[in-house]
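Here's the structure, in structure tokens; my notes come after.
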Ligand code: SAH
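In the working numbering, the protein residues as written are 165 to 628.
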């Protein structure tokens, strides 16, 4: 097939990034925004030998899974990938994706998965769920200051202050910032020239506490007439923290390293379950607190703690899971690579009066093996853990880490995963080394996008 050629194709599958997949004469087409069950007219944009990317130009017959997008810029904006797929079909897609990886990469049979997989846990309200949003600020071709989200794979800003995934108050805050910039002649950053002041706006919202944080990322040392901005922003109910972060680098990293307080405190507080967390502009915090609470609840259930256990929480971030576990265990050790996250974790332990959690900074694949070796040298016996929880980034766990985990002979391993392909790979390794997959449940923490979380329980086989 050739570039710009028009074809008609029936969409029969969904690809990993949410695109529709169809076949024409054995040739595979990937069509963005086309929904499984649609018949569409599309134009070839990037032809390859056996497949091509195509752009949908016309829906000839609409899929029964197709729903109207809530957001007028759903197709242009890179934030959502599957807003036009009904929520039920989104869950079905995510379920199949995880199961597919467990079958193909993990080697599990469909019959076994039928037995051990719990039903996918979807969201009660699949919109307005994110507690965090980062809006880029720029200038459009007519010189107007705009904010919104980047289009997929580019840094072109699609103007939109009314994101359907974020909280409604984001819109009021952004309007105040745009008005302030216009009135006070504050410039927007330009990525190409490296000039201009305001780069991004970070907004965080505590769903339980209703506290709001606004942080402006600036390419300079201060924000002129910031008192005017503060005056307007503090009229918004719940405003708790107004800060700025200096980032002068020519980089895709959004936040700078330092935070300056313009008004209020430098952090907001929110809860997951009964545990209180202080969240600063630079802290990592789960973006969907309602689903996270359910997910951690199940992780705790899988850990099945009675109060005397030693537990490790690897890749612990700000100690979110560690503190959840500490309520029920004798001792919890958390390991995390980012030092500031460990500072937050220690602080979070303190404000919750949790004294049985200890935290280490470093790579899990170094800290745990080192601890294991040192323990044997000092105590003349092997270090033991009752339960090990891991929550790695997409690339999954290093084999050296999995090896040490197995050596520590925990009764149970609870694996929290944001990438089911690496989950399947790691569970397969653990399966070969004495650990059996007992249960798993998928959580949809990111509706309208293709991402998903999975929690799996593995138990030590009796004969091991
Ligand atoms: N369990 C936490 C965070 C999970 S995200 C929560 O639920 O909030 C994964 C975390 O792993 C991130 O905080 C990241 O900084 C950390 N990380 C990435 N690579 C790591 C490594 N090799 N060793 C330890 N932590 C790592």
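Glycine included, every Cβ here is placed at the ideal spot set by N, Cα and C.
Each of 358, 246 and 208 was checked against the Cα of residue 230, and the nearest Cα belongs to 246. The alpha-carbon separation between residue 490 and residue 345 amounts to approximately 46 Å. The DSSP-derived three-state label of residue 581 is strand. The three-state secondary structure of residue 488, taken from DSSP, is helix. Boundaries of the alpha helix (DSSP H) around residue 396: 390 to 397. Residue 263 counts as buried, since at least 16 other C-beta atoms from the protein chains shown sit within 10 angstroms of its C-beta. In chain order, 547 place their CB closer than 7 Å to the CB of residue 535, counting only its own chain and leaving out the 5 sequence neighbours on each side. Look at residue 364 here: in three-state DSSP terms it is strand. If you look at residue 225, you'll find it in the beta strand (DSSP E) that goes 215 to 225. DSSP places residue 539 in the uninterrupted alpha helix (DSSP H) bounded by 528 to 543. By the criterion of a C-beta distance shorter than 6 Å, residue 240 is surrounded in its chain by 315 and 322, once the five residues flanking it on both sides are discounted.
For residue 174, the three-state secondary structure derived from DSSP is strand. Remark: the C-beta of residue 555 is in contact range of the ligand SAH, defined as less than 6 Å to any heavy atom.
Here the alpha carbons of residue 594 and residue 570 stand approximately 8 Å from one another.
Residue 587 is positioned such that its CB atom lies no closer than 7 Å to that of residue 601. In the displayed model, residue 596 falls within a helix according to three-state DSSP. As computed with DSSP, residue 379 is found in a beta bridge with 366 and 407. When DSSP states are grouped into helix, strand and coil, residue 419 belongs to the coil group.
Residue 260 and residue 276 have their C-alpha atoms some 15 Å from each other.
Short of 7 Å from the beta carbon of residue 506, and not among the five residues preceding or following it, lie these beta carbons of its own chain, in chain order: 500, 523 and 525. DSSP, reduced to helix, strand and coil, places residue 281 within a strand of the structure shown.
Contact between the segment 303 to 314 and the segment 280 to 291 is absent: fewer than 3 CB-CB pairs across the two stretches fall below 8 Å. Within the DSSP bridge table, the entry for residue 402 names no partner. The count of Cβ pairs closer than 8 Å, one atom from the segment 550 to 561 and one from the segment 471 to 480, reaches three, so the stretches are in contact. In the structure shown, residue 477 falls within a strand segment according to DSSP collapsed to helix, strand and coil.
For the set 179, 190 and 212, the Cα lying nearest the Cα of residue 196 is the one of 179. Taking 7 Å as the cut-off, the beta carbon of residue 611 is found no closer than this to the beta carbon of residue 332.
Ranking 427, 252, 497 and 434 by CA distance to the CA of residue 372 puts 434 first. Comparing alpha-carbon positions, the option among 444, 589, 443 and 626 lying closest to residue 574 turns out to be 626. The ligand SAH has no heavy atom closer than 6 Å to the beta-carbon of residue 180. Within the chosen limit of 6 Å, the ligand SAH reaches the beta carbon of residue 481 through at least one heavy atom.
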